[in-house]
Amino acid sequence: MIAAVDVKTLVIDGINVSARADQTVLEVARENNINIPTLCHLDGLTDVGACRLCLVETKGSPKLNPACVLKVEEGMEITTTSDRLKHYRQTILEMLFSERNHVCAVCVANGHCELQSMAQDQGLTHVRLPYMNPKLVVDASHERFVSDPNRCILCQRCVRVCAEVEGAHVWDIMGRGIGSLLIADLHQPWGESSCTRCGKCVQVCPTGALTDKSKLGSDHPKYPEFLPNLEAMREGR
Amino acid sequence: MTSEELLQIAESVNAEHEKFDYEVNVCMGTGCMSQHSAKLREALTKEAAASGKRCHVRQTGCMGLCAAGPLVLVEPTETLYGSVHESDAPELILSLGEPPVERLRAHLEDYFHGQQHIVLENSGHIDPEKIDEYIGRDGYAALVKALTEMTPQAVIEQISKSGLRGRGGGGYPTGLKWGTVAKAFGAQKYVICNGDEGDPGAFMDRSVLESDPQRVIEGMAIAAYAVGASKGYVYVRAEYPLAVNRLTVSLREARRRGMLGNNICGTQFAFDIEIRLGAGAFVCGEETALIASIEGLRGQPRPRPPYPAVSGLWGAPTLINNVETFANIAPILRKGAEWYAGIGTEKSKGTKVFALTGKITNTGLVEIPMGMTLREMIFGIGGGVPDGRKFKAVQTGGPSGGCIPEEHLDLAVSYEALISVGSMMGSGGMIVMDDTSCMVNVARFFMEFCMTESCGKCIPCRVGTAQMFDLLTKICDGKASYADLDLLIDLCDVVKNTSLCGLGMTAPNPVLSTLRYFKHEYIEHIENKRCPAGVCACGSGVATEVEVTA
Amino acid sequence: MSKIKVATVWLDGCSGCHMSFLDMDERLLELGSQFDLVFSPLVDFKTYPESVDVALVEGAISSVEDEHKIHHIRKHTKFLLAMGDCAVTGNVPALRNPFGPLPVLQRAYYENASAQPQTPTTFVPALLDKVRPIHEFVKVDMYLPGCPPSADTFYTVLSDLLAGRTPDIASLTRFGA
Numbered sequence: 031m032i033a034a035v036d037v038k039t040l041v042i043d044g045i046n047v048s049a050r051a052d053q054t055v056l057e058v059a060r061e062n063n064i065n066i067p068t069l070c071h072l073d074g075l076t077d078v079g080a081c082r083l084c085l086v087e088t089k090g091s092p093k094l095n096p097a098c099v100l101k102v103e104e105g106m107e108i109t110t111t112s113d114r115l116k117h118y119r120q121t122i123l124e125m126l127f128s129e130r131n132h133v134c135a136v137c138v139a140n141g142h143c144e145l146q147s148m149a150q151d152q153g154l155t156h157v158r159l160p161y162m163n164p165k166l167v168v169d170a171s172h173e174r175f176v177s178d179p180n181r182c183i184l185c186q187r188c189v190r191v192c193a194e195v196e197g198a199h200v201w202d203i204m205g206r207g208i209g210s211l212l213i214a215d216l217h218q219p220w221g222e223s224s225c226t227r228c229g230k231c232v233q234v235c236p237t238g239a240l241t242d243k244s245k246l247g248s249d250h251p252k253y254p255e256f257l258p259n260l261e262a263m264r265e266g267r
Numbered sequence: 005m006t007s008e009e010l011l012q013i014a015e016s017v018n019a020e021h022e023k024f025d026y027e028v029n030v031c032m033g034t035g036c037m038s039q040h041s042a043k044l045r046e047a048l049t050k051e052a053a054a055s056g057k058r059c060h061v062r063q064t065g066c067m068g069l070c071a072a073g074p075l076v077l078v079e080p081t082e083t084l085y086g087s088v089h090e091s092d093a094p095e096l097i098l099s100l101g102e103p104p105v106e107r108l109r110a111h112l113e114d115y116f117h118g119q120q121h122i123v124l125e126n127s128g129h130i131d132p133e134k135i136d137e138y139i140g141r142d143g144y145a146a147l148v149k150a151l152t153e154m155t156p157q158a159v160i161e162q163i164s165k166s167g168l169r170g171r172g173g174g175g176y177p178t179g180l181k182w183g184t185v186a187k188a189f190g191a192q193k194y195v196i197c198n199g200d201e202g203d204p205g206a207f208m209d210r211s212v213l214e215s216d217p218q219r220v221i222e223g224m225a226i227a228a229y230a231v232g233a234s235k236g237y238v239y240v241r242a243e244y245p246l247a248v249n250r251l252t253v254s255l256r257e258a259r260r261r262g263m264l265g266n267n268i269c270g271t272q273f274a275f276d277i278e279i280r281l282g283a284g285a286f287v288c289g290e291e292t293a294l295i296a297s298i299e300g301l302r303g304q305p306r307p308r309p310p311y312p313a314v315s316g317l318w319g320a321p322t323l324i325n326n327v328e329t330f331a332n333i334a335p336i337l338r339k340g341a342e343w344y345a346g347i348g349t350e351k352s353k354g355t356k357v358f359a360l361t362g363k364i365t366n367t368g369l370v371e372i373p374m375g376m377t378l379r380e381m382i383f384g385i386g387g388g389v390p391d392g393r394k395f396k397a398v399q400t401g402g403p404s405g406g407c408i409p410e411e412h413l414d415l416a417v418s419y420e421a422l423i424s425v426g427s428m429m430g431s432g433g434m435i436v437m438d439d440t441s442c443m444v445n446v447a448r449f450f451m452e453f454c455m456t457e458s459c460g461k462c463i464p465c466r467v468g469t470a471q472m473f474d475l476l477t478k479i480c481d482g483k484a485s486y487a488d489l490d491l492l493i494d495l496c497d498v499v500k501n502t503s504l505c506g507l508g509m510t511a512p513n514p515v516l517s518t519l520r521y522f523k524h525e526y527i528e529h530i531e532n533k534r535c536p537a538g539v540c541a542c543g544s545g546v547a548t549e550v551e552v553t554a
Numbered sequence: 005m006s007k008i009k010v011a012t013v014w015l016d017g018c019s020g021c022h023m024s025f026l027d028m029d030e031r032l033l034e035l036g037s038q039f040d041l042v043f044s045p046l047v048d049f050k051t052y053p054e055s056v057d058v059a060l061v062e063g064a065i066s067s068v069e070d071e072h073k074i075h076h077i078r079k080h081t082k083f084l085l086a087m088g089d090c091a092v093t094g095n096v097p098a099l100r101n102p103f104g105p106l107p108v109l110q111r112a113y114y115e116n117a118s119a120q121p122q123t124p125t126t127f128v129p130a131l132l133d134k135v136r137p138i139h140e141f142v143k144v145d146m147y148l149p150g151c152p153p154s155a156d157t158f159y160t161v162l163s164d165l166l167a168g169r170t171p172d173i174a175s176l177t178r179f180g181a
């Protein structure tokens, strides 16, 4: 028997929508073709609410909430786009571009990068913040893949897919704050780590931080949307 | 354990005291121990034994005035000695029964005048490692009363009525929090004591844990009974080894006396506590990060809701309160909610412990009733600014707080009042600054703290604090323009409103509050490349160009 | 009425933006009838005019010379457009930023020198510690990202500007485009 689930109705950007009580605002918005920008969220992975791009306004609340983890409530009124939100989203993207050495022109993910297209979607034409230009080392020790921390935005998609879906938990973050760094195992070269070579992390990586060595130039499309299908197959549906 | 048995223990402890004419209390808090109070205690003990006088030398916790350590308090004459050296021991013991040793006396009438000790009522008076001494001063009476005479609901009602609010800084009503956890559905619930005190200049919780750990244990046990928890954790910084030691001893003592474990006080109530050590991350004071850390995960916050009261440690309903909050519980139950609610202001009840530091004569720990003015605290209890310098600002609330200028010194301390002037209560750090402090540099210091303590999970806090730090450095170096200042102000707004947890949301506060009251100092750095306080090396920075010629 | 005066400037870039500009081909003739090109690496003017209406600046600021030039240009220009990723972000020239200018000089003038390896002391301007986008030095009125921005982008933007409209840059081009 299927347990009864409450249905809620709410308003997103002036549109009346209905939702199951256990759904998030992001899920419901996407069902209704309302685009809320995200970088850390990915269907099939647990949400961490880290990128802050999906922050939305809730009527009656002074606080902005991340749509990816905001559960629907009866009668709630959500605004997904406003001048204020646009400014915040642009600034957060500017922060990402300033943090590491993102040089789109010479990136293997050029044209297939979620950060790059997000910047364009959000109308970002330049970065007001000074570039921080950290010195970071590329790890090409793996026979199939490359990890380039210069292009990493620390969204932790790879960490989650490796731990939650592949079950290997090779990736994690070391250090903290501005010194955070994605590492394999206990900061070993990727090629010498316990990596199972499944390549899921490369597929879910939104930028050119994790890439496939066999792909050259800007010929590196990624397919991060495979996760729900994989889960369905595993459950034998 | 019944209240009669408790009384018996108290009586036997007090009878023990009767055997002595004098009790010599030596402060063995971290502050005094760093000034060799352990050696002093040894010398005093030796001298006392040799003197043949009926006197007892006892180690106690913090007496408050760390600036005048090592401190010795002689009872029953209540004579306080400061800066006592071990070589002073013979003279001191000799003076018992005679007039006091004048040259060692600490005259601190101002310091204690106006203080009201609830949380610190036992600090400096009992041996923190002896549970019976705690019981001798009404310890565990509240727990026994709660378990044998009150329903959990009645306990929560008392706490609610007392008006007690979270002492970790947020000021959330404690009774409401307890009520939420009590109502949350779950077979297993947890109580966590947050002892991850990390604000620069703050040492209230350390002192309570070092001086009167049983009080915290009792508060936690009462909370566990009220919310229906059977397991507790004290999360304490590994940088507080003395507190950890005393807590470890105290937990063992509490188990020995049947205050922890199964069938506490002969009831069905079972509760025990484990210690978890923090590994030096400020962000682990944030409740969801603290929970992650206890779970053995990376200490990173997660979005709320769900709040820990509903889904906390291992997904179970979890009550998480600060050390000082728990330390207030037993007296409230013992003396009644009305008594507690009679202290303080309309919305901020009871007392608050502050750590007075910085440019202030009497550095140390004070406990004052809410509603006292900052002026009374700083110029009365604190003895004012030393060396004839001029008071400039007082920083409260740690890196999340702000700087309050002279014009607001008559503000009565309460959660709301401090927020209204752009600062916050925080956990109780209070750093006094005189006219030798550059407020831009102060903002830069706190921003550096937030930058290095950011966990790095969310972008605004991770990158925003670093960018703001760079901009503040540029201003301090006399290299900034007004455009840089505008960018800084914009980043403050973004980081404040988009960060995931309290660390990021409040990281801009030191900048915003110094901009509010000391904007002219920012302008002076930008316009005239000059630091009014003479702290920053404006304009003397190295040229940015690299010499190409070999 | 005199035609509006347009300049194009080449700082630290690969000239790709100028090539893309030329890729407008026959459309250049159409646009060219509406403005005077008063300064450009594509034409033979030695000095930057006293007053320019629109300047398209390619390249990042890498040397003391670039820095001097951009301040001069700003002073004599009404509307300054940062043309291409190098001008907008620092882009490829800024790749040296994490390790500074000395390894670059070492590579260029010692390791790759066929004869007389030495650091030039005359004619070559001193390199700045970091390569920076133009807007970190002077006010920029419009940003045109892209590496390079396409000829179509140039055409749309210039047509809009000449017609007094504000082009929607983000819909036309992006970083790395």
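Residue numbers (my numbering), protein chains in the order written: chain A, 31 to 267; chain B, 5 to 554; chain C, 5 to 181. Where a beta carbon is used, it is the ideal one built from N, C-alpha and C, also for glycine.
Residue i versus residue j: straight-line alpha-carbon distance, rounded
i, j, result
"D209(B)", "W182(B)", "21 Å"
"T109(A)", "L260(A)", "33 Å"
"T157(C)", "A119(C)", "44 Å"
"C540(B)", "V231(B)", "52 Å"
"L507(B)", "A397(B)", "23 Å"
"T269(A)", "C225(A)", "Given a span of 31 to 267 for chain A in the structure shown, any question on residue 269(A) remains unanswerable."
"G545(B)", "K143(C)", "Unreliable positioning characterises G545(B) in this predicted model, as indicated by a pLDDT of 43, which lies under 50. The coordinate reading is nonetheless provided below. For G545(B) and K143(C), the distance between alpha carbons rounds to 24 Å."
"K116(A)", "L85(A)", "10 Å"
With 16 other Cβ atoms within 10 Å as the buried cut-off, status of residue i
i, result
"S418(B)", "buried"
"K89(A)", "exposed"
"L11(B)", "exposed"
Within chain A, partners of residue i - CB distance below 9 Å
i, result
"T456(B)", "R206, G207, I208, G209"
"F89(C)", "The sequence shown places Asp at residue 89(C), not Phe. Going along chain A in sequence order, the residues near D89(C) (Cβ under 9 Å) are V133, C134, A135."
"T126(C)", "Chain A residues near T126(C): none, gap ~29 Å exceeds 9 Å."
Any C-beta of chain A under 7 Å from that of residue i
i, result
"C151(C)", "yes"
"G460(B)", "yes"
"P312(B)", "no"
"V498(B)", "yes"
"A11(C)", "no"
"A59(C)", "no"
DSSP bridge partner residues for residue i (one or two, in chain order)
i, result
"T355(B)", "P373(B)"
"Q399(B)", "C407(B), I435(B)"
"S48(A)", "T39(A)"
"Y161(A)", "BP columns for Y161(A) are empty, so no partner."
CB contact below 7 Å: residue i versus chain B
i, result
"L40(A)", "no"
"T68(A)", "no"
"R82(A)", "yes"
"V99(A)", "yes"
Closer than 9 Å at the beta carbon, the chain C residues around residue i
i, result
"C137(A)", "G180"
Min CB distance residue i to chain C below 7 Å
i, result
"Q150(A)", "yes"
"Q120(A)", "no"
"N140(A)", "yes"
"Q146(A)", "yes"
"T155(A)", "yes"
Interface residues of chain B facing residue i [CB-CB closer than 9 Å]
i, result
"G79(A)", "R306, P307, K461, C462, L504"
Listed by chain order, chain C residues near residue i by CB distance under 7 Å
i, result
"P96(A)", "The premise fails here: P96(A) is roughly 24 Å from chain C at the closest Cβ pair, so nothing lies under 7 Å."
"P160(A)", "E140"
Interface residues of chain C facing residue i [CB-CB closer than 8 Å]
i, result
"N163(A)", "A98, N101, P102, K134"
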